[in-house]
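Q: Quick note: the sequence shown uses our numbering, first residue 58, plus one each step. In this text, a Cβ means the ideal position worked out from N, Cα and C, and glycines have one as well. Remember, it's a predicted structure, so these values are computed and weren't measured experimentally.
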Amino acid sequence: MIFVALLHAVNLGARRTVPMADLRALLTGLGLEDVRTYIQSGNAVFSAAPETDLRGRLEAALEAHFGFPVPVTLRTAHEWQEAARGCPAHLRDEPVVLAFPRDPPDPARVAALHGRDVTPERWEVVGQTLYQTVPDGVRTLRLSSGVLERTLGVKVTVRNERTVQAIAAMMDT
Numbered sequence: 058m059i060f061v062a063l064l065h066a067v068n069l070g071a072r073r074t075v076p077m078a079d080l081r082a083l084l085t086g087l088g089l090e091d092v093r094t095y096i097q098s099g100n101a102v103f104s105a106a107p108e109t110d111l112r113g114r115l116e117a118a119l120e121a122h123f124g125f126p127v128p129v130t131l132r133t134a135h136e137w138q139e140a141a142r143g144c145p146a147h148l149r150d151e152p153v154v155l156a157f158p159r160d161p162p163d164p165a166r167v168a169a170l171h172g173r174d175v176t177p178e179r180w181e182v183v184g185q186t187l188y189q190t191v192p193d194g195v196r197t198l199r200l201s202s203g204v205l206e207r208t209l210g211v212k213v214t215v216r217n218e219r220t221v222q223a224i225a226a227m228m229d230t
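If you want it as structure tokens, here you go:
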């Protein structure tokens, strides 16, 4: 089975550095196959047998190797392709980022998110993915990953649409 692993908050500064060559070596050493990475923001594609706690095993290995906790969001190839194709048409008139919750948020917390005024941004949850417009760029987002995490009560990692599409294309090769 093919998986996508998204590492949260790595390579944003000097303190949480995860070189992609080291990540590939670590994942291969864990018995994962066909390990590939995309850019330096902590994106890996690999093949593995489905297992009960693959995410926990990855997080433990990452912390042991790099010396700091690294939350991981996992998606299957099918889930990833759905996310890559799933952006609602009414959000397509502006640049979009995709937020990937590590765990499914409570529906009541998603409802609470609807109560926040984040104008001019617009967003919608489809399946396991939150699609968000970024009319003024990611540096000024009112609905930042921190706000998402606090409101939804789960870890969230965000990728731009170009990255999502590039990872989807990696699975086709």
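For His65, count neighbouring Cβ atoms within 10 angstroms of its own Cβ and tell me buried if that reaches 16, exposed if not.
A: Buried, because 16 or more other Cβ atoms sit within 10 Å of the Cβ of His65.
Q: For Pro126, count neighbouring Cβ atoms within 10 angstroms of its own Cβ and tell me buried if that reaches 16, exposed if not.
A: So Pro126 ends up on the exposed side.
Q: Any idea what DSSP makes of Arg196, helix, strand or coil?
A: In this structure, Arg196 counts as helix in the three-state DSSP scheme.
Q: Should the segment 209 to 216 be regarded as contacting the segment 157 to 170, the criterion being three or more beta carbon pairs within less than 8 Å?
A: They touch, by the three-pair rule.
Q: Let me check understanding here. Comparing Cα to Cα, which of Trp137, Gly86 and Ser98 lies closest to Met58?
A: Measuring from the Cα of Met58, the nearest candidate turns out to be Trp137.
Q: Run through the segment 142 to 212 for me and flag every whole beta strand (DSSP E) of 3 or more residues, listed as ranges in chain order.
A: Taking only runs of at least 3 residues, the beta strand (DSSP E) segments lying wholly in the segment 142 to 212 are 153 to 158, 180 to 183 and 186 to 190.
Q: Within the same chain, show all residues whose beta-carbon is closer than 8 Å to that of Leu83, passing over the 5 residues directly before and after it, in chain order.
A: Cβ within range, chain order: Ala118, Leu119 and His122.
Q: Per DSSP, what are the beta-bridge partners of Arg81 in this structure?
A: Per DSSP, none; premise fails for Arg81.
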